[in-house]
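Student:
Protein chains: 2
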Amino acid sequence: MRIALDAMGGDHAPNPIVAGAIQALEKDPELEVFLVGEENQLRKLVPSDNPVISRIHFHNATQVVGMDESPAIGLRRKPDNTITRSWQLLATGKVQGIVSAGNTGAMVAGGMFTRRFLPHVDRPGIATIMPTMRGPSIMLDVGANVHPKAEHLFQYGVMGEIFARHLLKKEKPTIGLMNVGAEEGKGNELVRLTQQMFATCELQGNFIGNIEGRDIHKGVADVIVTDGFVGNVILKVCEGLFEFIMKMVGKEVIGALDQEKEKGMGALHKLINTYDYSEFGGAPLLGIDGICIICHGSSGERAIKNALGLAAKLARAGINKLIVEELERMPKITAPSTTPSI
Amino acid sequence: MRIALDAMGGDHAPNPIVAGAIQALEKDPELEVFLVGEENQLRKLVPSDNPVISRIHFHNATQVVGMDESPAIGLRRKPDNTITRSWQLLATGKVQGIVSAGNTGAMVAGGMFTRRFLPHVDRPGIATIMPTMRGPSIMLDVGANVHPKAEHLFQYGVMGEIFARHLLKKEKPTIGLMNVGAEEGKGNELVRLTQQMFATCELQGNFIGNIEGRDIHKGVADVIVTDGFVGNVILKVCEGLFEFIMKMVGKEVIGALDQEKEKGMGALHKLINTYDYSEFGGAPLLGIDGICIICHGSSGERAIKNALGLAAKLARAGINKLIVEELERMPKITAPSTTPSI
């Protein structure tokens, strides 16, 4: 199992990125990691006496697309950047997957440029795990595609259903469509067209129709389908609100305790660790021919370790083969109208 | 100050609705409330020995649009419903404001039917208070307009700025545009056009450009401008996540305590009370000629009391006059292109 890791991507790169790779290698004896970045710099970060070094390959890349740089400009002006080099490793079959905590837009754009999409997939989408009262759900797209057509959302539902069945181990995953109300006919044209596509396909038994924002954390749907604009906003709102509430709990609740302050703080930190959105270990870009995991910019060791683990798991589960087979089984559906939508 | 209250609107109507009205009347001696609903039923809920009864007017309405009923169908098939009757009281000048915890879609549709918009306002928007690390911000639209044009978003920004200045007492409120990234050029056409409008108007000093989901609770912007689809999803996601986290804190943090469980639980309940999204006392529908407050369906006494208080406050501040004056001062801006957007 060979995975390329953008060692220079992320707010804190390269130290915690390399440290996370070492942890992943220690955990998974079948894993080999291609560290993409300044080779001289990276070599210094790997202790020479660590036996995992035999499963580390250094792949030199001298440039980095900045976290806040325009993806298009960054990729064009820096041909030797770590993201482009990672995608090339995937495209040439040298690795089965790539992982980066770098500029998300550049990662997605890099994938679009390769055009290595799975058969029957028109546009890849970023899928992210959402914690809920009934265990994890998967939400997609969270930012790859801010101008989707109904066909794209439909394909996201198909891919998400496979992810939920094979990776989250849900027997018959439910699929919900993010909308502003539960009743049919609600929302904009994009969601109405998407609804019609789900209602007339093989997945109609899984499709539970519209869901609302407050349904996500209740775990009403195992797969939450939405466009990249809304999904991206949701994900980031959750991050921000989580941080806000945790600060308030620390101040108002733990602050109100006397003797058991320390005990309460310990439990709070454990809770933060469990639900920290930046530590989930990355979001797969589904629909790509190969495995691609996009990590939070603030990823630390643990997040990178988890992301490499997820990449290996997806590759081993053969998720892409399953997606292609499932989409092949679907009657070729296109949205009933081509009126420009959201 | 005369406000009409839909006494039959909400999940728990009419008892807590009427109780909330009594509380508001006790607090504000200048307030008169028109209770709209089944007069016979409502009279029984007001203790005849309470002196505030002299400031309650019963306005009979025999029908109710159900909480999950289609707004269009509900309003059409039930001409004597409480929402329509409330809007009529406003349209005929019998009251200065209306408040309802009933079917939100029907409340908005009722307002659209009256067409009593303020001069220079093309579409009203629902504004809601968001708690942040730097005090309250205002976000709009959260559901009145799921197909907005850039002009509408621009007008939301103008109205929100006035709300933030006069009601939230921010000296020079900042205005942020909800997007998927902070950099210019991000997102869809709707936000790009809206950006251009803000950048070339008198409010350019207030406009801080794009903001992301995670900026909301940091308090990065005093006014958060977004379309009704995204805003509605954000608001409901926050509600659901807040509930989810509070349950987890109760279980994992308070549950970890021994002697101080009770103290911790008390502080947690206080925190929940402070930030409970359903208890904020309603969201104004801005852009209407008159005051209209839309409350959460689950509103209890306190929420209704707060909503009546907010309605009176907005009317006394003359917010509508301020909005019209401000929009009149703006050069008449329309979006640079009319390509269909989000």
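If you're matching them up, the sequences are chains A and B in order. When we follow the working numbering, the leftmost residue of the first sequence carries the number 16, and every step to the right adds one. When we follow the working numbering, the leftmost residue of the second sequence carries the number 16, and every step to the right adds one. Glycine included, C-beta positions come from ideal geometry on N, C-alpha and C.
(1) What does histidine 135 of chain A touch in chain B if you count any residue whose Cβ is under 8 Å from its own?
(2) Taking all protein chains shown into account, decide if methionine 16 of chain B is buried (16 or more other Cβ within 10 angstroms of its Cβ) or exposed.
(3) Starting from glutamine 98 of chain B and walking both ways along the beta strand (DSSP E), at which residues does that stretch end?
(4) I believe isoleucine 153 of chain B touches glycine 175 of chain B by the beta-carbon criterion, under 8 Å. Please report the beta-carbon distance rounded to the nearest angstrom.
(5) Taking 8 Å as the threshold, find out whether the segment 239 to 259 of chain A comes into contact with the segment 246 to 253 of chain B through three or more Cβ pairs.
(6) For a contact meaning CB atoms closer than 9 Å, what does aspartate 237 of chain A contact in chain B?
(7) Got a sec? Which residues, its chain only, sit under 7 Å from isoleucine 269 of chain A by beta carbon, not counting five neighbours each side?
(8) Between the Cα of valine 235 of chain B and those of B:Val245, B:Gly224, B:Phe244, spot the shortest distance and give me the residue it belongs to.
(9) Is there a C-beta anywhere in chain A that falls below 8 Å from the one on threonine 353 of chain B?
(10) Verify whether the separation of the beta carbon atoms of valine 80 of chain A and isoleucine 98 of chain A is less than 8 Å.
(11) Judging by CA-CA distance, which residue of B:Gly108, B:Thr147, B:Leu286, B:Val67 is the nearest neighbour of aspartate 230 of chain B?
(12) In its own chain, which residues sit with a C-beta less than 6 Å from the C-beta of alanine 326 of chain A, not counting the 5 before and 5 after it?
(13) Do we get a CB-CB distance below 8 Å when we pair arginine 229 of chain A with the residues of chain B?
(14) Checking the sheet assignment: what are the DSSP bridge partners for phenylalanine 73 of chain A?
(15) Interface residues of chain B around cysteine 253 of chain A at Cβ under 9 Å?
(16) I'd like to know whether the C-beta atoms of valine 48 of chain A and leucine 57 of chain A end up nearer to each other than 8 Å.
(17) Pick helix, strand or coil for methionine 345 of chain B, following the three-state DSSP scheme.
(18) Suppose you measure from the CA of isoleucine 32 of chain A to the CA of alanine 106 of chain A; what does that come to, to the nearest Å?
(19) Which class does serine 356 of chain B belong to by DSSP, given the choice of helix, strand or coil?
(20) The alpha helix (DSSP H) with threonine 289 of chain A in it runs from where to where?
(21) Considering just the uninterrupted stretch of the beta strand (DSSP E) at cysteine 307 of chain B, what are its terminal residues?
(22) Opposite serine 152 of chain B in the DSSP bridges: which residues?
(23) List, in chain order, every chain A residue whose beta-carbon is nearer than 7 Å to that of glutamate 275 of chain B.
(24) Mind pulling the chain A residues with CB within less than 8 Å of serine 85 of chain B?
(25) Taking 8 Å as the cut-off, decide whether the C-beta atoms of alanine 76 of chain B and isoleucine 319 of chain B are in contact.
(26) Quick one: using the 10 Å Cβ neighbour count with 16 as the cut-off for buried, is lysine 109 of chain A buried or exposed?
(27) Using beta-carbon positions only, say whether glycine 333 of chain B and glycine 243 of chain B come within less than 8 Å of one another.
(28) Closer than 9 Å between beta carbons: that is the criterion. Which residues of the segment 122 to 147 of chain A meet it against chain B?
(29) Under a three-way DSSP split, which group does arginine 92 of chain B fall into?
(30) Can you give me the Cβ contacts of glutamate 199 of chain A inside the same chain, cut-off strictly under 8 Å, excluding the 5 residues immediately before and after it?
(31) Helix, strand or coil for arginine 130 of chain B? Go by DSSP, reduced to three states.
(32) Using the rule of at least 16 other Cβ atoms within 10 Å of the residue's Cβ for burial, across every protein chain shown, is threonine 289 of chain B buried or exposed?
(33) Taking its Cβ as the centre, do 16 or more other Cβ atoms sit within 10 Å of phenylalanine 128 of chain A, making it buried, or is it exposed?
(34) Identify the contact partners of valine 51 of chain B in chain A, using a Cβ-Cβ distance below 7 Å as the criterion.
(35) On the criterion of 16 or more Cβ atoms from any shown chain inside 10 Å, does threonine 119 of chain B qualify as buried, or is it exposed?
Tutor: Let's see:
(1) Within 8 Å Cβ-Cβ: nothing; histidine 135 of chain A doesn't reach chain B, min ~26 Å.
(2) buried
(3) The sequence given here has isoleucine at residue 98 of chain B, not glutamine. Segment 97 to 106 is the alpha helix (DSSP H) holding isoleucine 98 of chain B; no beta strand (DSSP E) there.
(4) 5 Å
(5) yes
(6) Ordered by position in chain B, no residue passes the 9 Å Cβ test against aspartate 237 of chain A, which lies about 16 Å from the chain.
(7) Lys276, Gly279, Met280, Leu283
(8) B:Gly224
(9) Low local confidence applies: a pLDDT of 47 at threonine 353 of chain B is under 50, so the model's placement there is unreliable, and no value is given.
(10) yes
(11) B:Thr147
(12) Ile18, Gly112, Val114, Ile306, Ile308
(13) yes
(14) A:Leu50
(15) Gly228, Arg229, Val252, Cys253, Leu256
(16) no
(17) coil
(18) 23 Å
(19) Confidence in serine 356 of chain B is poor, its pLDDT being 42 and thus under 50, which makes the residue's placement unreliable; the coordinate value appears in the next sentence. The answer is coil: DSSP assigns serine 356 of chain B none of H, G, I, E or B.
(20) 276 to 290
(21) 306 to 309
(22) B:Met145
(23) Leu272, Asp273, Gln274, Glu275
(24) Glu198, Gly200
(25) no
(26) exposed
(27) no
(28) Pro146, Thr147
(29) helix
(30) Gln210, Gly224, Asn225
(31) coil
(32) exposed
(33) exposed
(34) Within 7 Å Cβ-Cβ: nothing; valine 51 of chain B doesn't reach chain A, min ~24 Å.
(35) buried
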